[in-house]
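So the sequence shown is numbered by the working numbering: it starts at 4 and just counts up by one.
Just so you know, even glycine gets a beta-carbon here, dropped at the ideal spot from N, CA and C.
One structure is given below, encoded as structure tokens.
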Amino acid sequence: MPEIDHSPAAQVPRLTRLAPTPSGFLHAGNLLSFAATYALSLHLNLEILLRIDDLDRDRLRPEYLADIFATLEYMDIPWHHGPRNPDEFSTQWSQTLRIEHYNSLLNALRDGGHLFACDCSRTQLLNGAYPGTCRHKNIPLSQPGVAWRLKTDPGSRIGIRSPGPATPPMPLPPSMYDFVVRKKNGDPAYQLASVADDLHFGVTHVVRGEDLLPSTLGQLYLASLLPFNTFPETVFWHHPLLEGPSGHKLSKSAGDTSIRHMRAQGLSPADICTATARMADPLAAPQNARELGDWLLQRQGII
Ligand SMILES: [Zn+2]
């Protein structure tokens, strides 16, 4: 019989997540992030949750949802928890099934006096940082058609735990000043739902692209205002983004880098992993997702 480890560390499951959005076909940038998550999970003995963010109903398409499962299976990236197929996702794991949970967090923020209502139009908000237009208007939060914003303090400093060397606390970036936590249509906003889900599932390690660092800072700020907050214990690794051949960041608009397209061209999983790494390193030749993730972990000095 195997010996059972009763130390506290052994009893706390350590969990990371793959968190794709079904709003486009997955591309090489997504693959790199998934591969890095997978490789880190093997090094740190983490379990993996597949968490698909589908609150943005306008951009969701069934073929994008199916593409997530097809790509993970083709690239041989495993996960321990979460849906195994689109049907299971829709009936058991969709974010639309956790609206009450999101609302309980929103209500806790509201009851703590951390929110204000904003009725600014989209055109009023085109220029980046929110200028605090509605902060002192005292618009009732119960008024229909208003967004709920978090009152943020620009002087605050936010610490992030990372798997690499410690970094000093960072200020909240201007793009996250008074950010929206509930949209005008009443839906929870991405930042709120993401924090709520990570707390709900007990995620301990988050791997994401460095473009999401402002989002992480905003989420840590939000979590610090909740009555029950374990979020500061979460370890975050923000990896660099790959650049495409012309120097642009890989994105969903770049159809030629979609995994689906590469498969249709006859590329094997090994070919796709090598092509992805070679966007940054002409000598790299990872043969599978784990090796692709390890390549990035080594490049960034994590292992
Ligand atoms: Zn406003």
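heavy atom of ligand 1 below 7 Å from residue i C-beta
i, result
"D297", "no"
"C276", "no"
"T315", "There is no way to answer for residue 315, as the model of the chain reaches only from 4 to 306."
"T126", "no"
"T136", "yes"
"D59", "no"
"D1", "In the structure displayed, the chain extends from 4 to 306; residue 1 sits before or after that span and is not available."
"D90", "no"
"D70", "no"
"D284", "no"
"D122", "yes"
Those residues which DSSP pairs with residue i across a bridge
i, result
"I51", "T19"
"G212", "H242"
"M173", "I161"
"P191", "R185"
"F119", "R152"
"H30", "S261"
"H84", "L52"
Straight-line Cα distance separating residue j from residue i
i, j, result
"F72", "A111", "35 Å"
"P177", "L229", "22 Å"
"W298", "T126", "43 Å"
"C245", "T170", "Sequence check: residue 245 is Leu here, not Cys. Straight-line Cα distance between these residues: approximately 23 Å."
"G135", "F119", "10 Å"
"P174", "A192", "22 Å"
"A199", "A288", "38 Å"
"N291", "A273", "5 Å"
"S157", "W151", "Inspection of the sequence shows that residue 157 is occupied by Pro rather than by Ser. So the alpha carbons of these two residues sit roughly 18 Å apart."
"L35", "R54", "17 Å"
"P147", "K187", "8 Å"
Buried or exposed (CB count within 10 angstroms, at least 16 for buried), residue i
i, result
"R64", "exposed"
"D181", "buried"
"S197", "buried"
"D79", "exposed"
"P98", "The displayed chain sequence assigns Gln, not Pro, to residue 98. By the 10 Å Cβ count, Q98 comes out buried."
"N48", "exposed"
"D61", "exposed"
"R87", "exposed"
"G32", "buried"
"A267", "exposed"
Quiz item: Is it a yes or a no for the stretch 162 to 179 touching the stretch 222 to 239, going by three-plus beta-carbon pairs under 8 Å?
Solution: yes
Quiz item: Any chance the stretch 265 to 282 sits against the stretch 208 to 222, with 3 or more Cβ pairs inside 8 Å?
Solution: no
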